[in-house]
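Here's the structure, in structure tokens; my notes come after.
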Amino acid sequence: MDPRTDRSTRPFPLGCLTPLLVASAAFAYTGGSPAGFTGAPGEGTCVTCHSSYPVDSGDGGVDLIAAPDSYSPGQAYTFWVRAEDPGQEVWGFQLTAIDGAGEGAGTLDPGAPDSTQVMASGGREYVGQRTLGTWAGVPDGPVTWRIEWTAPASPGTGPVSFYFTGLGGDGNHIAVGDYIYTGSWTVSEGAGGGLDLTLDGVPATVSRGSTLTFTGIVTNTGDALAYFDEADLDATGPIPPTNVPVYDAPPRVPVFVGSPRSGPITVPVPGYAPLGIYYADVSISDLGVQLDVETITVEVTD
């Protein structure tokens with residue numbers, strides 16, 4: 043399993059989610075448990091309510107998918123909490139991010155507001171499931187929840203730890219027969235993830251009525267995971283300026299250190315295009331900020 047895309051901590055944690063659909067008002071946490079049950083220092087877990095079995099004693103687990111190894115201050119990251127448990131069919135989780143002093147680190151946002159929500163308590167933020175996010179009736183798993191996390195804006199925070207707990211419920215509408223799992227993942231503070239765009243195979247000429255084709259390569263030159271969500275080609279020449287959206291997200295494209303992303307860029311050249319020299323800026327951006335740009339020159343011929 044690629045360590046950059048698999049964040050297993052067996053057994054997996056699924057925060058103290060709550061007795062999903064429990065009949066008793068004391069356990070009516072279908073829409074998400076109270077904050078503070080991630081297993082982080084000073085916190086309990088969902089086994090406080092779902093106490094049929096010791097924590098981490100079942101055959102399932104919870105992990106993080108595509109979580110970064112390190113972060114760049116102020117950078118936004120997307121990853122997923124994944125849970126599975128044979129024989130279970132109702133699900134929940136809770137996750138928090140803290141620094142070395144136990145304070146909340148960065149900003150958590152619900153990746154899918156209809157199924158996840160953010161809460162705050164004691165200086166920490168928490169993200170957990172809503173009622174729609176219990177994925178009730180999905181047997182065995184795996185199920186996933188999307189997480190959006192923006193790293194602390196100011197350098198010097200240091201390592202940040204994600205603590206998460208999860209629940210695999212049997213769907214009997216009471217807080218018995220459910221398994222709770224816990225886990226954590228720590229990311230270091232990096233100098234940053236910088237993206238560099240290079241273009242390969244750009245022809246000197248292209249015939250009108252054909253297609254201009256070349257390859258774009260995006261390389262992470264930093265030491266932290268980085269993203270781009272848009273690539274554009276803006277051309278000028280004998281005809282009015284032309285914008286070609288090469289890629290327009292979501293989703294944001296992750297670029298890991300040491301693993302460049304590449305793909306073809308194709309631009310149709312109209313048969314009526316005037317002959318002459320064309321210039322084009324090819325750029326990549328993320329969240330509205332241009333990260334890099336390369337300029338090409340191509341002559342349109344018969």
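Residues 43 to 344 (this note's numbering) are what the sequence shown spells out, left to right.
Think of the CB as a built atom: it goes at the ideal place given N, C-alpha and C, for glycine as much as any other residue.
Predicted model only: the values in this text are computed from it and were never measured.
(request) Classify Thr308 as helix, strand or coil using the three-state DSSP reduction. (result) Thr308: strand per DSSP, three-state reduction.
(message) By the three-class DSSP mapping on this structure, what secondary structure does Thr87 have?
(response) Three-state DSSP puts Thr87 in coil, outside helix and strand.
(request) Compare the Cα-Cα distances from Pro194 to each of Thr257, Leu275, Gly116, Val132 and report the closest residue. (result) Nearest Cα to Pro194 within the set Thr257, Leu275, Gly116, Val132: Gly116.
(request) Check whether the Cβ atoms of Leu267 and Val297 lie closer than 9 Å to each other. (result) In this structure, Val297 lies closer than 9 Å to Leu267 by Cβ.
(message) Taking contact to mean 3 or more Cβ pairs, one atom from each stretch, closer than 8 Å, check whether the region 95-104 and the region 267-278 are in contact.
(response) With fewer than three CB-CB distances shorter than 8 Å, the region 95-104 does not count as touching the region 267-278.
(message) For the region 155-168 against the region 243-254, do three or more pairs of beta-carbon atoms, one drawn from each stretch, fall closer than 8 Å, so that the two count as touching?
(response) Segments in contact, no.
(request) Kindly indicate which three-state DSSP category Leu329 falls into: helix, strand or coil? (result) Three-state result, Leu329: coil.
(message) So the candidates are Gly208, Asp141, Gly330, Tyr320; which of them puts its Cα closest to the Cα of Cys88?
(response) Closest option to Cys88, Cα to Cα, is Gly208.
(request) Scan the region 193-255 and note each continuous beta strand (DSSP E) run of 3 residues or more that stays entirely inside, going in chain order. (result) Runs of the beta strand (DSSP E) inside the region 193-255: 202-211, 221-231, 237-242, 247-249.
(request) In the DSSP assignment, find the unbroken beta strand (DSSP E) run with Tyr314 in it and report its ends. (result) Per DSSP, Tyr314 belongs to no beta strand (DSSP E) and is neither H nor E.
(request) Have a look at Ala315, Leu333, Leu241 and flag the residue whose alpha-carbon is nearest the alpha-carbon of Ser304. (result) Nearest neighbour of Ser304 by Cα position, chosen from Ala315, Leu333, Leu241, turns out to be Leu241.
(request) Answer with buried or exposed for Thr257, where buried requires no fewer than 16 other C-beta atoms within 10 angstroms of its C-beta. (result) With fewer than 16 other CB atoms across the displayed protein chains lying within 10 angstroms of its CB, Thr257 is exposed.
(request) Find out if the Cβ-Cβ distance for the pair Thr339, Leu317 is shorter than 9 Å. (result) No.
(message) Given this structure, state the Cα-to-Cα distance separating Gly264 from Asp220, to the nearest angstrom.
(response) The alpha-carbon atoms of Gly264 and Asp220 are separated by roughly 43 Å.
(request) Compare the Cα-Cα distances from Val180 to each of Gly211, Thr224, Thr255, Ala154 and report the closest residue. (result) For the residues Gly211, Thr224, Thr255, Ala154, the minimum Cα distance to Val180 belongs to Gly211.
(request) Could you tell me the distance, in whole angstroms, from the CA atom of Phe270 to the CA atom of His215? (result) Spanning the two alpha carbons is a distance of roughly 43 Å.
(request) Tell me whether Leu106 is buried or exposed, calling it buried when 16 or more other Cβ atoms sit within 10 Å of its Cβ. (result) For Leu106, the number of other beta carbons within 10 angstroms of its own is at least 16, and it is reported as buried.
(request) Take Trp133 as the anchor and find which of Ser94, Thr186, Gly86 has the nearest alpha-carbon. (result) Of Ser94, Thr186, Gly86, the residue nearest in Cα terms is Thr186.
(request) Answer yes or no: do Gly148 and Trp177 have a C-beta to C-beta separation smaller than 9 Å? (result) Not a contact, by the Cβ cut-off of 9 Å.
(request) Please list, in chain order, all residues of the same chain as Tyr119 whose beta carbon is under 6 Å from its beta carbon, the five residues on each side excluded. (result) Once the five neighbours on either side are set aside, the close Cβ partners of Tyr119 are Pro110, Trp191.
(message) Let's test the definition: count the other Cβ atoms within 10 Å of the Cβ of Gln136 and tell me whether it reaches 16, buried, or not, exposed.
(response) With 16 or more other Cβ atoms within 10 Å, it is buried.
(message) What does the alpha-carbon distance come out to for the pair Ala77 and Met161?
(response) Between Ala77 and Met161, the C-alpha separation is close to 6 Å.
(request) Could you tell me the distance, in whole angstroms, from the CA atom of Arg188 to the CA atom of Pro155? (result) Rounded to whole angstroms, the separation of the alpha carbons of Pro155 and Arg188 is 10 Å.
(message) Given 8 Å as the limit, tell me if Ser301 has its C-beta closer than that to any heavy atom belonging to the ligand NAD.
(response) Judged by which ligands are present, the structure shown has none, so any question about the ligand NAD falls away.
(request) Note down the Cα distance separating Val299 from Leu333, rounded to an integer number of angstroms. (result) Taking the straight line from one Cα to the other gives about 16 Å.
(request) Sort Ile326, Thr337, Gly251, Asp238 by Cα distance to Pro302 and report the nearest one. (result) Nearest to Pro302 by C-alpha distance, out of Ile326, Thr337, Gly251, Asp238, is Asp238.
(request) State the beta-bridge partners of Leu267 as determined by DSSP. (result) None, per the DSSP bridge assignment.
(message) Cutting at 6 Å between CB atoms, please list the residues of its own chain near Gly144, excluding the five before and the five after it.
(response) Counting only residues of its own chain and dropping the five nearest sequence neighbours on each side, Gly144 has a CB closer than 6 Å to the CB of Pro83.
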